[in-house]
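*Asks:* In UniProt numbering, the protein residues as written are 1 to 186.
For each residue, glycine too, the CB sits at the ideal point set by N, CA and C.
Computed from a predicted model, the values in this text were never measured in an experiment.
#1: Less than 9 Å between the beta carbons of residue 110 and residue 81, yes or no?
#2: Quick one: grab the DSSP three-state call for residue 113.
#3: Considering only C-alpha positions, which residue in the set 8, 31, 20, 47 is nearest to residue 122?
#4: The alpha helix (DSSP H) that contains residue 147, what's its start and end?
#5: Could you give the distance in angstroms between the alpha-carbon of residue 108 and the alpha-carbon of residue 115?
#6: Please list, in chain order, all residues of the same chain as residue 94 whose beta carbon is under 7 Å from its beta carbon, the five residues on each side excluded.
#7: Helix, strand or coil for residue 70, going by three-state DSSP, please let me know.
#8: For residue 153, collect the residues of the same chain with a Cβ closer than 8 Å to its Cβ; drop the 5 residues on either side in sequence, then sort them by chain order.
#9: Does chain E have any CB closer than 9 Å to the CB of residue 21?
#10: Check for me: the alpha helix (DSSP H) holding residue 187 runs from which residue to which?
#11: Express the C-alpha separation of residue 23 and residue 90 in angstroms, rounding to a whole number.
#12: How far does the alpha helix (DSSP H) with residue 90 in it extend, from its first residue to its last?
#13: Mapping DSSP to helix, strand and coil, what is residue 49?
#14: Excluding five sequence neighbours on each side, which residues of the same chain lie with their C-beta closer than 8 Å to the C-beta of residue 7?
#15: Measure the C-alpha to C-alpha separation of residue 54 and residue 68 and round it to an integer number of angstroms.
#16: Tell me the rounded alpha-carbon separation between residue 144 and residue 158.
#17: In this structure, what does DSSP give as the bridge partners for residue 75?
#18: Helix, strand or coil for residue 162, going by three-state DSSP, please let me know.
#19: Spatial neighbours of residue 45 within its chain, please: C-beta separation below 6 Å, excluding the five flanking residues on both sides.
Printed below as a string of structure tokens:
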């Protein structure tokens, strides 16, 4: 039995009907959902200055590389100069990168490096306060010096770095605190 040509056209139109209908439904639902719950477009950070502490390895290295892919100006801070140079080599060659060796547990050094960055690079727009150390020992196996070092780097350093950028940037408007150690500064 041969199917009439008009019926073939009708079947072809109806086979795409569910796609059209689902598109209208998604559009209607999108209009009904408040904008604060909808996925937003990414912010363009090309040309913005991003400071990443602990950029010599681990998460800091990965974040620095990702920010460089977004064409941000990346400022690397770590106590490990060789690690930072490796990070810089992994970064997008089109992105600008600045390397500063600094022990973030030393408040005075943090303040000195912050002044140098302000003078040499400019105002930091995004601060990723990532520096930290991990010790594989159990708490009771740690020496007093190890405990002090861990507390200085994993706790106090975040206060020194965050504090110095709120001190040295006049008329700061803190936009968002996205995570415990990520600040978006305008």
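*Replies:* In brief:
#1: no
#2: helix
#3: 47
#4: From DSSP, the alpha helix (DSSP H) with residue 147 extends over 144 to 151.
#5: 11 Å
#6: 71
#7: coil
#8: 104, 105, 131, 132, 133
#9: The structure shown contains no chain E, having only a single protein chain.
#10: Any property of residue 187 remains undetermined from this structure, which presents the chain solely from 1 to 186.
#11: 42 Å
#12: 81 to 90
#13: strand
#14: none
#15: 16 Å
#16: 21 Å
#17: 51, 98
#18: Under the three-state reduction of DSSP output, residue 162 falls in the helix class.
#19: 70, 72
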